[in-house]
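Numbering (my numbering), first residue to last: -1 to 612. All residues carry an ideal CB built from backbone N, CA and C; glycine is no exception. Since the structure is predicted, the reported quantities are computational estimates derived from the model, not experimental observations. The structure appears below as C-alpha cells.
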C-alpha cells in the first residue's frame, strides 16, 4: 500500500483534482487499501502531506473495510475544533458510501454522542447519519438496532431543542433520510414562523415519492402558499408552489395558484408566471392539468400573463440521446427591490441501458456472444435505471438596507444573511454561510477578494459493484465496475457599492472515470473484457445585477467549458500453455464549450448589462 501511495500521490494534489488522473489514481488506491491492514493504512495517513491528506481521507473512507474505518476513527480527533476539513471529508465520504453498514452508522452515532470540538462538524455528523439511514433502509436494513436508534434520534430531534441551528440540523437529517414517518413532522414545520424551518421542511417534502404526499400534506402546503394563517417570506411560498406543482395537483389547486398571480408581491408574480410557462414548455408532469386550468379565461388573461420583473424559472436539456438524459433548471427569485432572494440550480440525470449500447458496439464476431449476453444481463439488472440529482442553492435576505430600499411584506425584520446549500447525488450537505448579521456583512464586504467559498471538494466513489455470475453453461463470470469522481463545487457573492453591482456565482469542476471488467476463467482458457471511460468538465452559473437604475438589470449565464472525453476497450484471452492475445481500442474526442440557453428576456438583459463588450 505504501509503495502504491508513493507512486500516485502527485496525482492527488489539489491542483490535479480537476484532471481525470485524480479519480483514476483514487480508484487504484481504494483497491490497495481494501487489501491492507489498519497499521498499513495509518502509516499512509501519517505520511501524507497537508495538501494530499484530505484526498487520502476520501480514499480510506471510501474503501469501506473494517480496517479502514478503524484507521480513520483512530486517526481523527473529533474533540479538536481545528481539524474541520479532514473531519468533514470523512463524514461526506461516509454519506456517499456505496455499501454502508450498521458499523459505520454506529461509529457516527458514537461521535455524535461524544465531545465534538466544532459545531459545524456536529451538524454534519447528524445530517450524514440521515443519509446513511436512508441507504440502509433501501437495502432492507431498517430494523437494525443502530438504525432504529438513529431514526428515533432524528425523528424526535426537531421537537427536543429550541436552538435554531439544532432544529435545522435535525430537519436536514430528516430531509436526507426520507423516512415516511418524518412526513407529519415536516408538514408541521412547513407552517413554522421561522422561515428557514419552513424552507427545509418544504424542500424535503418535495423529494418524497408523490404517493406519500397525502391530502393533509397538500392542505398544509396550500395554506402556506396562499397565506391562510400567517404571512410568509417569498422564498417559502415559492417552495410551497414547487411542492404543489410536483405532487399531482388537482384542477382546483392549479386554478387557485393561477388566480393568485397578480395578487402576489411584484417579483413573485413574475416568478410564478415563469414557473407556469416553464411547465408548459418543458412538458412536465403537471402540464396537462395546467393546460386544462388555462382554458378558463378568468385565470388565463392578459392582466395575469403580462407581469414584468427579473425573476425567472427555466428548464432545459444538458444532454439528450438514446443513452442518457440530463436536464437542468434555474430558478431565480428577487426581492421587490431587485436584490437576489433565492437562486436554485438543479441538475438531474437518468440513464436507461446506457452501458448496453456502449459495450456492445466494440464486440464483434461469434466468439463474443457470451460477453454480449453477460453485459446485457448486467446492464438490465444493475444499470437500467441510473438516476441522480444535484442541487446548489444560494439564498440571501435582509439586504435592502444597503440600497435604502423597502423590504417586501413579511420580510421587514429579517436579519442580513447570505448562504449556500448543496445537495449532491441525493445527499444533502451542511449549508455554508457567507455572512450573517449586518456587522458581519459589512466586514465581509470590505474584505471581499472575489474568491469563491468552497462548498464541497473531494473524491467520491460513485459506482462500486462486484459480482460472480453463474452462467447456464456451468461457467462462472466475474464482473467488477467502479466509478470515481473528483469534484469541486464553490460559490461566492460580490457586492460593489461603488459600481452599484452585485454578482453571485456557482462554480462546478469535476473529472469522472468509470472502469469495468468481465472475466470468465476456465481450466484451459481465461478470457475477459475491460472497458473504461473518462472525462473532465466544468460548469459555471453566474448572475450579475446592476442596481444603478430601476428596474435593476439582471443577467444570468450558464457556461460549459470545452472538455475531453476518452473511452478504451480491451479484449484478452490466455490459455494454460501461457500464450495470450490482447486487443485494444481507444477513442478520444473534444466536446466544444457552450453557453446553455435561457429565456429570451434574459438574453436581452445581458446585452444591456454587457453592451460595452458585446
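* Going by C-alpha distance, which of 539, 550, 124 is nearest residue 156? -> Of the candidates 539, 550, 124, the one whose C-alpha sits nearest the C-alpha of residue 156 is 124.
* Nearest residue (CA-CA) to residue 346, options 64, 389, 593, 248 -> Residue 389 is the option with its Cα nearest to residue 346.
* Please work out which residues of its chain come closer than 6 angstroms, Cβ to Cβ, to residue 570, disregarding the five sequence neighbours upstream and downstream, and give them in chain order. => 526, 580
* To do: Take residue 518 and list the residues in its own chain whose beta-carbon comes closer than 6 angstroms to its own, dropping the five residues that flank it on each side.
  => 473, 475, 525
* To do: Provide the residue(s) that pair with residue 68 in DSSP beta bridges, ordered along the chain.
  => Paired residue(s): none; residue 68 is not in a bridge.
* Could you tell me whether the stretch 302 to 312 touches the stretch 284 to 291, using the rule of 3 or more Cβ pairs below 8 angstroms? => no
* Is residue 236 closer than 8 angstroms to residue 331 when the C-beta atoms are compared? -> yes
* To do: Decide yes or no for the touch test of the stretch 223 to 236 against the stretch 320 to 334: beta carbon pairs closer than 8 angstroms, at least 3 of them.
  => yes
* **residue 213 versus residue 277: straight-line alpha-carbon distance, rounded** => 23 angstroms
* **Classification of residue 502 by the beta-carbon crowding that lies within 10 angstroms, buried from 16 upward** => buried
* **Own chain partners of residue 26 with C-beta closer than 8 angstroms, once the 5 adjacent residues on each side are dropped** => 2, 6
* To do: Output yes or no for whether 8 angstroms exceeds the beta carbon distance between residue 506 and residue 457.
  => no
* To do: Would you decide whether residue 210 is buried or exposed? Buried here means 16 or more other CB atoms lie within 10 Å of its CB.
  => exposed
* **Which listed residue (101, 227, 270, 228) has its alpha carbon closest to that of residue 243** => For the options 101, 227, 270, 228, the alpha carbon positioned closest to that of residue 243 is the one of 270.
* Asked: What's the gap between the Cα of residue 16 and the Cα of residue -1?
  -> 24 angstroms
* With which residues is residue 466 paired in a DSSP beta bridge? -> 476
* Asked: What is the residue span of the alpha helix (DSSP H) that residue 143 lies within?
  -> Per DSSP, residue 143 belongs to the alpha helix (DSSP H) from 143 to 154.
* Could you name the residues that DSSP lists as bridge partners for residue 330? => 310, 341
* Would residue 87 be called buried (16 or more neighbouring beta carbons within 10 Å of its own) or exposed? -> buried
* 3-residue-minimum beta strand (DSSP E) runs that sit fully inside the stretch 515 to 555, ordered along the chain -> 523 to 544
* Beta carbon of residue 312 nearer than 8 angstroms to that of residue 596 -> yes
* To do: Tell whether a beta-carbon distance below 8 angstroms holds between residue 182 and residue 134.
  => no
* **Coarse secondary structure for residue 128, derived from DSSP in three states** => helix
* Can you check the stretch 90 to 121 for any alpha helix (DSSP H) of at least 4 residues that lies completely inside it and give the ranges in chain order? => Complete alpha helix (DSSP H) runs here, min 4: 100 to 111.
* To do: Under the assumption that residue 94 contacts residue 425 (Cβ atoms under 8 angstroms), give the Cβ distance between them as a whole number of angstroms.
  => 6 angstroms
* What is the rounded straight-line gap between the Cα of residue 609 and the Cα of residue 164? -> If you draw a straight line from the Cα of residue 609 to the Cα of residue 164, it comes to about 47 angstroms.
* To do: Determine the closest residue to residue 146 out of 119, 175, 158, with distance taken between C-alpha atoms.
  => Taking only the C-alpha atoms, the option nearest residue 146 is 175.
* Asked: Under 8 angstroms between the Cβ atoms of residue 578 and residue 572?
  -> Yes, these two residues count as a Cβ contact at 8 angstroms.
* Does the distance from the CB of residue 162 to the CB of residue 131 come in under 8 angstroms? -> no
* Asked: By how many angstroms is the C-alpha of residue 516 removed from the C-alpha of residue 478?
  -> 7 angstroms
* To do: For the beta strand (DSSP E) containing residue 571, list its first residue and its last residue.
  => Looking at the DSSP string, the run of the beta strand (DSSP E) that includes residue 571 is 561 to 573.
* To do: Just list the alpha helix (DSSP H) runs in the stretch 234 to 322, keeping only unbroken ones of 4 residues or longer that don't cross its boundaries, in chain order.
  => Runs found: 249 to 258, 264 to 279, 285 to 291, 300 to 303.
* Run the CB neighbour count on residue 266, radius 10 Å, all protein chains shown included, and call it buried at 16 or more, exposed below. => Burial call: buried.
* Out of curiosity, what's the CA-to-CA distance linking residue 560 and residue 509? -> 13 angstroms
* Secondary structure at residue 393, three-state DSSP: helix, strand or coil? -> strand
* **CB contact flag (residue 419, residue 397, <8 angstroms)** => no
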